[in-house]
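Heads up: the structure comes next, in structure tokens.
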């Protein structure tokens, strides 16, 4: 039986993260790979990308119409129209066709008066050289920077890279994240053949965090690899995490980070690596473990769904962001009036789940239940009201800033 | 040779879209499928999803500690401590363990004084029945709505569905979108073996829009199927689009929607289906074709990258949104001061690409080149300043609302 980890020393959130990143410094190194541009949506450039071709790579008609020699139109006007003969004075061009010597300007179809079944054309305006001609390199010049480094590739970027003659690019590789559910009491209803609605045994807990983590890792641009549940067995856990830390870029261990008598995780991590932080001054999410094994980040997270979610967002996401090159989007915030007083332990940062509703024309923040076990509150919540360390309460009627949960 | 489509009648954007959706009414029907919850990230529920199990499904310890009979602690205090004997007065419990008769309350580990090597425990406070016990159904009750219909599934939802005993759900099926690049002048540098940097022939245009569309369709929750370029051949185009309209949920045909002499698309679509709209009062993006073939939406879009991008966003995205069940996120907007006067044709809605920069402490909107061929401007742009129909100009120094391009 493992010893209970009572009285965790709680480190403030930012301090915990910065200590962890410092400890990982030099070990948390992104990998890169070369991929096809057409498969690069959402990937992040490792370096600036510069054009390999001019665009257009020839002088091109910018309009459908005819290519002409500008010089001969010089005195043309309504009162002095000019007749042009196909093949001699003009050639028909569509948008994108090459405009070659001796032609140097395009007149758009809308401005032409056709005669003699299209063999002759009358115009009533002069044109200047290069009119409606896109010049070599007008859109993109060889060597021009198309994308900066650390740019997350959008659909328009894919189009532009190809136009600039670039078919492959170097991007951050997708980090592989091992996800371990742990606990002898855990059951996996995805893999089990339990018919829907059949009640599991008392004391058996349906495992769901590892599936949530799979989705969170995917959303963050990583590749999740979820393992079967590890029962509470010190040697087994030790063996499995050691192997994962050798093979994966990051390891998540869910549950087993608290003070339960079977919570081996922290002891295992101390034996095979270094525990940088155990216990963070945040609620929910307090008993998080930030460790390093074989130079890899290994994070132990609490079992309650809300705690599991918040500890991923707070600690795993910044680590993944280093590996994927993706910047973390600042959370959208909105101001609302608090419907009722909320209190907090001033020693911790508390995340109070909030449901937003219009009440008498005013956006109102309704606090949802704060027990981290009431998981539905996270699904029902629109965002969090964050009471930072030192804050004991916020009164009803006060205007608060709500951090919105992404949909 | 196809006739030139001169003088398109331009329909305002909203009118064009609403006419198209009306014409599609009853034919644009989403399909549904049942999938595993753990693979449902980003999918959209077809109907409300209700819990199949209570959570917890038994009375569970909410803390690590001991389970006791609350009644025997009734007069306990600092001055009147109570000694408890393992197996008789208490059992050890971890968070999540079942709390069964005769026990009905939990005392957390932090409040226990261990004696006799843990066989006896002293407490100094009374406890109330149900203290630190999570009751059957406290988090989730059988039949309770977990997710509403048309809900896009997030990582937290996956966790919650499993906790509620739900392993499969019905979601909107992923619409299949056929993408056809067209034009005899087009080259596919992804498929070609052209070494990077080798300049293609004059008049040959590097195809990129179909790859941008693949990415746009993916981002919108559809499955793109890109076909090889169709040369300008009326019968071939007709044959291919007819087949695609039978097999796919939506068809995109890029280029061939303008007034070029080889622009067969609109004529093909008139022959095999109904052209609802040809020409929209927007710039760039004017020569768009909104058609219906075999009850399926078939959209012909212009060739210039910016026009191709905007016509997808304006017309293909709302159609896809019906098929995927995903709501279209309202564009984020930001106010900025215009750096220079911009003018527009009042007959069209014009999208002016804007680069945002701080200038003398003020967010300033710098208009980028407006020729739809200068594709780089879309990559460099932070957003659009939209000059609606009727607007002839906006003066330098005026505050404008910029619609941000998603990163």
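Residue numbers (my numbering), protein chains in the order written: chain A, 10 to 416; chain B, 10 to 416. Here a beta-carbon is modelled for each residue, glycine too, at the ideal position from N, C-alpha and C.
C-beta atoms of residue i and residue j nearer than 7 angstroms
i: residue 263 of chain B; j: residue 323 of chain B; result: no
i: residue 417 of chain A; j: residue 162 of chain A; result: Residue coverage of chain A in this structure runs from 10 to 416, which leaves residue 417 of chain A outside it and unanswerable.
i: residue 153 of chain A; j: residue 60 of chain A; result: yes
i: residue 46 of chain A; j: residue 175 of chain A; result: yes
i: residue 55 of chain A; j: residue 232 of chain A; result: no
i: residue 19 of chain B; j: residue 300 of chain B; result: no
i: residue 69 of chain A; j: residue 138 of chain A; result: no
DSSP-derived helix/strand/coil call for residue i
i: residue 38 of chain B; result: coil
i: residue 44 of chain A; result: strand
i: residue 306 of chain B; result: strand
i: residue 177 of chain B; result: strand
i: residue 220 of chain B; result: helix
i: residue 392 of chain A; result: strand
i: residue 279 of chain A; result: helix
i: residue 23 of chain B; result: helix
i: residue 92 of chain A; result: strand
i: residue 226 of chain B; result: helix
i: residue 316 of chain B; result: helix
i: residue 17 of chain A; result: coil
i: residue 354 of chain B; result: coil
i: residue 347 of chain B; result: strand
i: residue 64 of chain B; result: strand
i: residue 328 of chain B; result: helix
i: residue 250 of chain A; result: helix
i: residue 198 of chain B; result: coil
i: residue 337 of chain A; result: coil
i: residue 239 of chain A; result: strand
i: residue 81 of chain B; result: helix
i: residue 151 of chain A; result: coil
i: residue 87 of chain B; result: coil
i: residue 29 of chain A; result: helix
For residue i, the residue or residues it bridges with in DSSP
i: residue 292 of chain B; result: B/359
i: residue 364 of chain A; result: A/375
i: residue 185 of chain A; result: A/232
i: residue 101 of chain B; result: B/75
i: residue 123 of chain A; result: A/130
i: residue 156 of chain A; result: A/58
i: residue 263 of chain A; result: A/190 and A/310
i: residue 161 of chain A; result: A/53
i: residue 287 of chain B; result: B/298
i: residue 8 of chain B; result: Outside the displayed span of chain B (10 to 416) sits residue 8 of chain B, for which this structure offers no information.
i: residue 117 of chain A; result: A/74
i: residue 400 of chain A; result: According to DSSP, which records beta bridges pairwise, residue 400 of chain A is partnered with nothing at all.
i: residue 69 of chain A; result: A/107 and A/143
i: residue 215 of chain A; result: A/196
C-beta neighbour in chain A for residue i, strict 7 angstroms
i: residue 11 of chain B; result: Because the pLDDT of residue 11 of chain B is 44, which lies under 50, any placement of that residue in the model is unreliable, and the question is left without a value.
i: residue 172 of chain B; result: yes
i: residue 205 of chain B; result: yes
i: residue 67 of chain B; result: yes
i: residue 362 of chain B; result: no
i: residue 370 of chain B; result: no
i: residue 394 of chain B; result: no
i: residue 220 of chain B; result: yes
i: residue 166 of chain B; result: yes
i: residue 130 of chain B; result: no
i: residue 148 of chain B; result: yes
i: residue 296 of chain B; result: no
Minimum Cβ-Cβ distance from residue i to chain B less than 7 angstroms
i: residue 19 of chain A; result: no
i: residue 176 of chain A; result: yes
i: residue 225 of chain A; result: yes
i: residue 50 of chain A; result: yes
i: residue 257 of chain A; result: no
- Message: Closer than 8 angstroms is the cut-off here; do at least three beta carbon pairs connect the segment 128-136 of chain B with the segment 164-177 of chain B?
- Response: Judged by Cβ distances under 8 angstroms, the segment 128-136 of chain B makes no contact with the segment 164-177 of chain B, as fewer than three pairs qualify.
- Task: May I ask you to verify whether the segment 204-213 of chain B touches the segment 103-121 of chain B, counting CB pairs closer than 8 angstroms and requiring at least 3?
- Result: no
- Contact between the segment 357-375 of chain B and the segment 326-342 of chain B (3+ Cβ pairs under 8 angstroms): no
- Is the segment 351-358 of chain A touching the segment 130-144 of chain B in the sense that three or more CB pairs, one from each, lie closer than 8 angstroms? no
- Query: On the three-pair Cβ rule with 8 angstroms, is the segment 176-188 of chain A touching the segment 272-283 of chain A?
  - Reply: no
- Do the segment 245-261 of chain B and the segment 187-201 of chain B meet, that is, are 3 or more Cβ pairs less than 8 angstroms apart? Contact between the segment 245-261 of chain B and the segment 187-201 of chain B is established, with three or more Cβ pairs separated by less than 8 angstroms.
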